[in-house]
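Step one of this worksheet: look at the structure below.
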């Protein structure tokens, strides 16, 4: 007969943290959220470290290049989804790696023989007041000059005249070479009293523009996750079907880390794929998953996984538990796998980071997952709500929402992830719907991190290792869960009683 696990399968909603003594040095400003991303020897630093314990889900509705850029600038990391042709995924990785904070690719470009009327139309379309004049009117053409809205007036100048008549020619423009650093470019902007500094390659082709107005913006992100070349880091998802073609293409594109993406990672298929990747491309870290118990963790860690994702069926758009009857409450899964990780560390000297993926409904659930032993969390619904996610923003009677669909839905048809047999989905393991629109990622994530830091301070911790080693958890009854919520009639935003 089947083996029955004695422990009840529990979710994050069933736990609360007990406050610990808060020392005088425990202040939100002192909290350090750095955490290892990939396997490392005990006592050594991880080759890749996150400055905030967040990664975005390997999903079409979540991990766009735009979201990857925003998240890396805030200290986290995105995994570009693999449910697309190899070439498109590699191009998305390149877009993130080619992003240079403060180095802007010009989107307002004209040719010298274009008319001022053409220029006005371009400026209205982009909303920008500085245009690059290149020989072919592209963002990478040979730079001939710059023209701004201050160089002409629609009522004083003939709009049918050429742009070349009002532009500042290259010979009169201060400019920099392609090897200039952002610090050097910013210094020139201020010392030479410039509004814009063009960056050119050796043949005079435009590469980027650096604006004085972006200086303050760059100072907003002191915790960016970057590689040795100061480029933002980005990950990519792979599956166990075409990884022999996908892995080398993603490495060539510049991916910093990969992750095998499967609803059930406890399989010989994934172990074989991990072994092949580590043998042929030992330089690239690669994660595995998903698992829900210590036995499965050890299986993937011994196969070479550099981190392991935890969670089956706990995602907000996942219906794997309903459809197949497999999974485990996320809190129980994290606690079990964390114990196995610690045993693996004791036995081998290797620390394999854990990622809690799914079951995170409230911001405080992130703190619980970290306290239970996860090194970072992967979230889909959370990031899908923001401007930078690819889902459409849709107006409703009650406000805006964003599209959000699961990889196991008929819309995504990511059959490679679910292993139902054949070359397609036999049945759905995800749904297609909407999530409340939450605005800009930078603001939303800052609020979430503020909550986590405040929780850690109340628990007497200023680092995640300290938090994990000293946190105390208590189970919550139904009555105490209800007691946790507001029990008064609330006012709505207009000040009236709701």
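In my numbering, the protein residues as written are 903 to 1400. C-beta: ideal position from N, C-alpha, C; glycine also.
Practice task
Along the beta strand (DSSP E) that carries residue 935, what are the first and last residues, could you check?
Solution key: Residue numbering aside, residue 935 sits at position 33 when the chain shown is read from its first letter. No beta strand (DSSP E) holds residue 935; DSSP gives it neither H nor E.
Handout entry: Sufficient close CB pairs (3 or more, under 8 angstroms) joining the stretch 1236–1248 to the stretch 916–924
Key = no
Practice task
Within the same chain, show all residues whose beta-carbon is closer than 8 angstroms to that of residue 1202, passing over the 5 residues directly before and after it, in chain order.
Solution key: The residue given as residue 1202 occupies position 300 in the chain shown. Correct list, in chain order: 1167, 1168, 1172, 1173, 1176, 1190, 1191, 1193, 1210.
Practice task
Kindly indicate which three-state DSSP category residue 1107 falls into: helix, strand or coil?
Solution key: Translated into the one-based positions of the chain shown, residue 1107 becomes position 205. Residue state, collapsed to three classes: strand.
Handout entry: Nearest-angstrom beta carbon gap, residue 1240 and residue 1401 [assumed within contact, 8 angstroms]
Key = The shown model of the chain, from 903 to 1400, leaves out residue 1401, and the question about it has no answer.
Practice task
With distances taken Cα to Cα, identify the nearest neighbour of residue 843 among 948, 959, 941.
Solution key: Outside the shown range of the chain, which is 903 to 1400, sits residue 843, and nothing can be said about it.
Handout entry: Cutoff 6 angstroms; reference residue 936; Cβ partners in own chain excluding five residues on either side
Key = Taking the chain shown and counting its residues from 1, one reaches residue 936 at position 34. Once the five neighbours on either side are set aside, the close Cβ partners of residue 936 are 951, 953.
Practice task
Tell me, please, whether the stretch 1347–1367 touches the stretch 1291–1306 by the rule of three or more beta-carbon pairs shorter than 8 angstroms.
Solution key: no
Practice task
Using a threshold of 9 angstroms, state whether the C-beta atoms of residue 1099 and residue 1056 are closer than that.
Solution key: Within the chain shown, residue 1099 is the residue found at index 197, counting from 1. Within the chain shown, residue 1056 is the residue found at index 154, counting from 1. Against a cut-off of 9 angstroms, the Cβ pair of residue 1056 and residue 1099 comes out as no contact.
Handout entry: Minimum C-alpha distance to residue 1114 - residue among 1140, 1103, 1087
Key = The residue given as residue 1114 occupies position 212 in the chain shown. The shortest Cα separation from residue 1114 among 1140, 1103, 1087 belongs to 1087.
Problem - When 1037, 1072, 991 are compared against residue 1012, the one with the closest alpha-carbon - result: Locating residue 1012 in the chain shown gives position 110, where the first residue counts as 1. The candidate whose alpha carbon is nearest that of residue 1012 is 1037.
Exercise for the section: Have a look at 1142, 1148, 1163 and flag the residue whose alpha-carbon is nearest the alpha-carbon of residue 1156. Expected result: The residue labelled residue 1156 in the question sits at position 254 within the chain shown. For the residues 1142, 1148, 1163, the minimum Cα distance to residue 1156 belongs to 1148.
Exercise for the section: Measure the Cβ-Cβ separation of residue 994 and residue 1288 and say whether it is below 9 angstroms. Expected result: Residue 994 sits at position 92 when you count from the first residue of the chain shown. Residue 1288 sits at position 386 when you count from the first residue of the chain shown. Against a cut-off of 9 angstroms, the Cβ pair of residue 1288 and residue 994 comes out as no contact.
Problem - For residue 950, the first and last residue of its enclosing alpha helix (DSSP H) - result: The sequence position of residue 950 within the chain shown is 48, counting from 1. Unbroken run through residue 950: none, as it is neither H nor E.
Exercise for the section: Report yes if the C-beta distance between residue 1139 and residue 984 is below 9 angstroms; otherwise report no. Expected result: Within the chain shown, the letter at position 237 stands for residue 1139. Within the chain shown, the letter at position 82 stands for residue 984. Against a cut-off of 9 angstroms, the Cβ pair of residue 984 and residue 1139 comes out as a contact.
Handout entry: Residues that residue 1162 bridges to, as DSSP identifies them
Key = Stepping through the chain shown from its first residue, residue 1162 is reached at position 260. Within the DSSP secondary-structure output, residue 1162 pairs in a beta bridge with 1140.
Practice task
Drop a sphere of 10 angstroms on the beta-carbon of residue 1372, count the other beta-carbons inside from all chains shown, and report buried for 16 or more, exposed for fewer.
Solution key: Counted from its first residue, the chain shown places residue 1372 at position 470. With fewer than 16 Cβ atoms within 10 Å of its Cβ, residue 1372 is classed as exposed.
Exercise for the section: Helix, strand or coil for residue 1267, going by three-state DSSP, please let me know. Expected result: Here residue 1267 is taken as the residue at index 365 of the chain shown, counted from 1. The answer is helix: DSSP assigns residue 1267 an H, G or I state.
Practice task
Please say whether residue 1096 and residue 1072 have beta carbons closer to each other than 9 angstroms?
Solution key: Here residue 1072 corresponds to residue number 170 of the chain shown, with the count starting at 1. Here residue 1096 corresponds to residue number 194 of the chain shown, with the count starting at 1. In this structure, the beta-carbon distance from residue 1072 to residue 1096 does not fall below 9 angstroms.
Problem - residue 945 burial status per 10 Å Cβ neighbour count (16 or more: buried) - result: The sequence position of residue 945 within the chain shown is 43, counting from 1. Result: exposed.
Practice task
Label residue 1281 either buried or exposed according to how many other C-beta atoms from any shown protein chain fall within 10 Å of its C-beta, with 16 as the threshold for buried.
Solution key: Here residue 1281 is taken as the residue at index 379 of the chain shown, counted from 1. So residue 1281 counts as buried.
Handout entry: Spatial distance of residue 908 from residue 1254 (CA atoms)
Key = Numbered from its first residue, the chain shown carries residue 908 at position 6. Numbered from its first residue, the chain shown carries residue 1254 at position 352. If I take the Cα positions, the gap works out to 27 angstroms.
Practice task
Go ahead and pull the three-state DSSP assignment for residue 1117.
Solution key: In the chain shown, residue 1117 corresponds to position 215, counting from 1. Note: residue 1117 maps to helix in three-state DSSP.
Exercise for the section: Could you give the DSSP three-state label for residue 1149: helix, strand or coil? Expected result: Taking the chain shown and counting its residues from 1, one reaches residue 1149 at position 247. Here residue 1149 sits in helix by DSSP.
Problem - Cβ-Cβ distance between residue 1048 and residue 1069 below 9 angstroms - result: Residue mapping note: residue 1048 aligns to position 146 of the chain shown, counting from 1. Residue mapping note: residue 1069 aligns to position 167 of the chain shown, counting from 1. Result yes, Cβ atoms of residue 1048 and residue 1069 sit closer than 9 angstroms.
Handout entry: Same chain, Cβ closer than 7 angstroms to residue 913, neighbours up to 5 away in sequence not counted
Key = Working through the chain shown from its first residue, we reach residue 913 at position 11. Correct list, in chain order: 1231, 1232, 1233, 1261.
Handout entry: Residue closest to residue 966, alpha-carbon to alpha-carbon, out of 1380, 1292, 1109, 1305
Key = For the purposes of this step, residue 966 is identified with residue 64 of the chain shown, where counting begins at 1. Considering only alpha carbons, the answer is 1292.
Handout entry: Exposure of residue 1142, with buried meaning 16 or more beta-carbon neighbours within 10 Å
Key = In the chain shown, counting from the first residue as 1, residue 1142 sits at position 240. Buried: at least 16 other Cβ atoms inside 10 Å.
Handout entry: Under the three-state DSSP convention, the category residue 1284 falls into
Key = Taking the first residue of the chain shown as position 1, residue 1284 is located at position 382. Under the three-state reduction of DSSP output, residue 1284 falls in the helix class.
Handout entry: Close Cβ partners of residue 1242 (< 6 angstroms) along its chain, the five nearest in sequence each way excluded
Key = Position 340 of the chain shown, counted from the start, is the residue given in the question as residue 1242. These residues qualify, in order along the chain: 1196, 1199, 1200.
Problem - Beta-carbon gap between residue 1123 and residue 1145 smaller than 9 angstroms - result: Position 221 of the chain shown, counted from the first residue, corresponds to residue 1123. Position 243 of the chain shown, counted from the first residue, corresponds to residue 1145. At the C-beta level, residue 1123 and residue 1145 stay beyond 9 angstroms of one another.
Practice task
Grab me the residues of residue 964's own chain with a C-beta within less than 7 angstroms of its C-beta, minus the 5 sequence neighbours each way, in chain order.
Solution key: On the chain shown, residue 964 is found 62 positions in, with the first residue counted as 1. Closer than 7 angstroms at Cβ, skipping near neighbours: 958, 1282, 1285, 1286, 1291.
Handout entry: Strand pairing of residue 1298, partner residues [DSSP]
Key = Against the chain shown, residue 1298 aligns to sequence position 396. Answer is 1301, bridged to residue 1298.
Handout entry: residue 1273 to residue 1112 span [Cα, whole Å]
Key = Locating residue 1273 in the chain shown gives position 371, counting from the first residue. Locating residue 1112 in the chain shown gives position 210, counting from the first residue. Spanning the two alpha carbons is a distance of roughly 42 angstroms.
Exercise for the section: Alpha carbon to alpha carbon, how far is residue 1352 from residue 1074? Give it in angstroms, no decimals. Expected result: Here residue 1074 corresponds to residue number 172 of the chain shown, with the count starting at 1. Here residue 1352 corresponds to residue number 450 of the chain shown, with the count starting at 1. In a straight line, the C-alpha of residue 1074 is about 48 angstroms away from that of residue 1352.
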